[in-house]
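Notes to accompany the following structure.
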Amino acid sequence: MTEPLHLGAARNFARSLNILLKTARLYGADHERSASIMGTAFDELRDILRSSGDTGFLLGVSGNQVLLDGVPLEKRPSDRSFALLLTSSGLSSINFSQQVRVEDFSQFVRAFSSRSPKAGPLATELRRILGGDKGAIRINEVRFVAEDPTLGEAGMAAL
């Protein structure tokens, strides 16, 4: 997935997903604008999945950086705001498997858009709605671990 062509397609999907989630929160998932962007984003996702391996495609967050199959996107303000949106929702990564259907994707967007950005983490709710570890879209939650100050720089391994 690290080939430039695949990475470019993954970047396009990440940007479309960012726009989709923000538009759906603003107008609702059933709005004409949201539906149009959802179609585009899902088509981009299917294109990526056709050329990815059996494990699918992983969209992750590390700090204020968006990662696509572990490869960081270039640092743009829109990518940083997307990383913040995902992190504030309690998400560390989203795995889109080969079995993703438009219904799964729609459920994901609807669940995301049904909550206010300040309502707290919704990762647990998303996991429940999407079938947990057996669903076509798998959610990994942010886990906060207490740091031992005596370890010095060892905490950097958690990033």
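Count along the sequence shown starting at 1, add 473, and that's the number in our numbering.
Cβ atoms here follow ideal geometry from the backbone N, Cα and C, with glycine treated the same way.
task = Below 8 Å on the Cβ atoms is my guess for Leu636 versus Phe581; work out the distance and round it to an integer in Å.
result = Since the first and last residues shown for the chain are 474 and 632, residue 636 lies out of range.
request  = Taking 7 Å as the cut-off, decide whether the C-beta atoms of Phe555 and Val539 are in contact.
outcome  = yes
query = Nearest-angstrom Cα distance between Arg498 and Gly526?
reply = 31 Å
request  = Check whether the Cβ atoms of Phe569 and Ile610 sit closer than 7 Å, and answer yes or no.
outcome  = yes
ask   = How big is the Cα-Cα spacing for Ile521 and Leu532?
value = CA-CA distance, Ile521 to Leu532, rounds to 12 Å.
key: DSSP three-state assignment for Val636, whether helix, strand or coil   = Past the boundaries of the shown model lies residue 636; the chain is included only from 474 to 632, so the question cannot be answered.
Nearest neighbour of Gly536, chosen from Leu518, Phe530 and Gly563 [CA to CA] = Gly563
message = The alpha helix (DSSP H) that contains Glu598, what's its start and end?
response = DSSP places Glu598 in the uninterrupted alpha helix (DSSP H) bounded by Ala596 to Ile602.
key: Residues near Glu639 in its chain [Cβ-Cβ closer than 8 Å; skip 5 each side]   = There is no way to answer for residue 639, as the model of the chain reaches only from 474 to 632.
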